[in-house]
Every structure is written in C-alpha cells, then in structure tokens.
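S.K.: In this note's numbering, the protein residues as written are 13 to 272.
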C-alpha cells in the first residue's frame, strides 16, 4: 500500500434523525486532506493556502488539537504515545475543512495515522460542538484489520454534540481508506435501536490552485453555512419535530479510547 498525497475531497454530508420523527438534510461540502508534517509548505506551493496565517484558505493550530499555541503535531504525538505508536515511524494526514477567509467550524475532523508501508495504524475522530468544546475518539487499528477496505469500530457516546440527544447512546463507526473515494458513516444507537446516522460520501480532487479557486467560487461561504445549517436544523427539530431538549453536561474527559 502507498502513503497518500495531499489532496481535496468533494462530496455530500447527510444527517438523518430517526426518532421521535424522521428529520434529514444533506449539503455539498469539500475537505482538505493534508500531511501535517508538510503544513509549512502550503504557502510555497499554493498561493491561496496558508498555515497559521490569514489567506483565502488556511489551516491553523488553534483550530485543532490543543487549540492553543502548541502545534497540531504535538497533540497527535501525545495521543499516539498513549496508544503505543511511535510518531517517528508514521505519517499523519488531517481531513478537515480549511478556514475560508479566516473562518471555520469543523464538527468533525479525522486524523489518519499511516505507517511507512501505507497501512493505517490509528484513526482520531476530533469532534467539536457549538459550545466551543472538543472531544477525540481514538481508535488503534489491530494487525488483523490492516488490509481491510473498511474499518468498523464502536464505543459509548462520551461527548455532548446536540441538545436533542443525551449521552445514553453508542456510536458505530464505519470508514474506508481515503483514495479515489472516501466514505464515513457514524450511526448512533440506543438499546440497539438506530436513532441517528451521519454519512459522508466524497471523491478525490487534486490539490491545485485551479481546484482551490474552483471551490472558492462554488463554496464561498461553506464554513459559515455549516454553522447556519446546524442552528437552522436544530430550530426545525425544536419547533416541528418534538425534539426533547437535554441540558449540556459537564465535559469530563477530552478523549475516548476505542477498544473494539
């Protein structure tokens, strides 16, 4: 297997709520898929794409990981150390929306940890809510799963995302290796009953100045739209779908380490 290259992914994100009433929505989206060891090279190769500086597109340390002055790489290193993976033998790629004209909100970003043979050794799901909180679900890939096309794992829900769901639920993750196509599904279940699903379907695009400009024209307000959609759909659930409101609990931990 080969270690991938920096690229873009374009596709759709669908949310489907199944109780107490069906409520679904879908919108177009694009992501960057970037080697975090090469973030400093972005501006040199792509005029409109910077790291830790304002630009049309940018990735900032304060948007991921510790979200302070420490680098994204430091946060990833600390996580890998906790699960017994040596950073020096890995390549880390970050799938996320970039800042567009200085603004971004990423409900979900995913870090892919590759060994030097191109095998995925770990996945880090970095989840944010609109209360400026963050939680990481960390999955270490066992040796028996290295060659599989899809990775599947599950864990207890540990982080408050929506005021219309409590923490009494479980997540089932399904994700493929990002190549020509990328697929990710997160199913939420309560007592083995499926109550919610989020599905991301994307296809590969070369990371180039031409494609970045194309996405700027096509999605000029994408990162703002994501937040507006969250609040607008929440309002519809509250007003028309009889969504039960749950008060946000105190965040007890920033990490969940998935064991299966």
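Using N, Cα and C, we set each Cβ at its ideal position, and we do this for glycine too.
Under 8 Å: do the region 229 to 242 and the region 145 to 153 share three or more Cβ pairs, one atom per stretch?
M.R.: The answer is no - the region 145 to 153 does not touch the region 229 to 242, with fewer than three Cβ pairs under 8 Å.
S.K.: Where are the alpha helix (DSSP H) runs, 4 residues long or more, that stay fully inside the region 78 to 164, in chain order?
M.R.: Listed in chain order, the complete alpha helix (DSSP H) runs (minimum 4 residues) inside the region 78 to 164 are 84 to 94.
S.K.: Residue range of the alpha helix (DSSP H) that residue 223 falls in?
M.R.: 221 to 230 is the span of the alpha helix (DSSP H), which, as asked, contains residue 223.
S.K.: How is residue 63 classed by DSSP in three states: helix, strand or coil?
M.R.: Here residue 63 sits in strand by DSSP.
S.K.: With burial defined as no fewer than 16 other Cβ atoms inside 10 Å of the residue's Cβ, what is the status of residue 44: buried or exposed?
M.R.: Under this definition residue 44 is a buried residue.
S.K.: Residues bridged to residue 47 by DSSP?
M.R.: According to DSSP, residue 47 bridges with 105.
S.K.: Taking C-alpha atoms, which residue in 169, 167 and 148 lies nearest to residue 77?
M.R.: The shortest C-alpha separation from residue 77 is found at 148.
S.K.: Does the beta-carbon of residue 124 have 16 or more other beta-carbons within 10 angstroms, so that it is buried, or is it exposed?
M.R.: Buried is the call here.
S.K.: Is it right to say residue 233 is buried, meaning 16 or more other beta carbons lie within 10 angstroms of its own, or is it exposed?
M.R.: The residue is exposed, with fewer than 16 neighbouring Cβ atoms inside 10 Å.
S.K.: Using a Cβ-based criterion (distance less than 7 Å to any ligand heavy atom), does residue 85 qualify as near the ligand PLP?
M.R.: As far as ligands go, the structure on display features none, and thus does not contain the ligand PLP.
S.K.: Give a yes or no on whether 8 Å exceeds the smallest Cβ distance from residue 261 to chain C.
M.R.: Absent here is chain C; the protein component of the structure consists of one chain.
S.K.: Can you tell me where the alpha helix (DSSP H) holding residue 236 begins and where it ends?
M.R.: Element bounds for residue 236: 234 to 252.
S.K.: What are the boundary residues of the alpha helix (DSSP H) that residue 57 is part of?
M.R.: Per DSSP, residue 57 belongs to the alpha helix (DSSP H) from 54 to 57.
S.K.: Looking only at its own chain, which residues have a Cβ that is under 6 Å from the Cβ of residue 84, when we skip the five neighbours before and after it?
M.R.: 48, 73, 76 and 77.
S.K.: Looking at the strands, I want to know which residues DSSP matches up with residue 210.
M.R.: Answer by DSSP bridge pairing, in chain order: 27 and 198.
S.K.: Among all the DSSP beta bridges, which residues are the ones paired with residue 270?
M.R.: Answer by DSSP bridge pairing, in chain order: 151.
S.K.: Using DSSP's beta-bridge definition, name the partner residues of residue 41.
M.R.: Answer by DSSP bridge pairing, in chain order: 23.
S.K.: Please state the DSSP three-state secondary structure of residue 74.
M.R.: Helix.
S.K.: Which class does residue 217 belong to by DSSP, given the choice of helix, strand or coil?
M.R.: Correct three-state label for residue 217: strand.
S.K.: Going straight from the alpha carbon of residue 58 to that of residue 205, what length do you get?
M.R.: When rounded, the distance between both Cα atoms is 46 Å.
S.K.: Taking 8 Å as the cut-off, decide whether the C-beta atoms of residue 126 and residue 103 are in contact.
M.R.: Yes, the Cβ-Cβ distance between residue 126 and residue 103 is below 8 Å.
S.K.: Measure the CB-CB distance between residue 142 and residue 242 and report whether it falls below 8 Å.
M.R.: Yes.
S.K.: With DSSP as the reference, identify every bridge partner of residue 187, one or two as the case may be.
M.R.: Answer is 163 and 196.
S.K.: Does the Cβ-Cβ distance between residue 95 and residue 134 come in under 8 Å?
M.R.: Closer than 8 Å, so yes.
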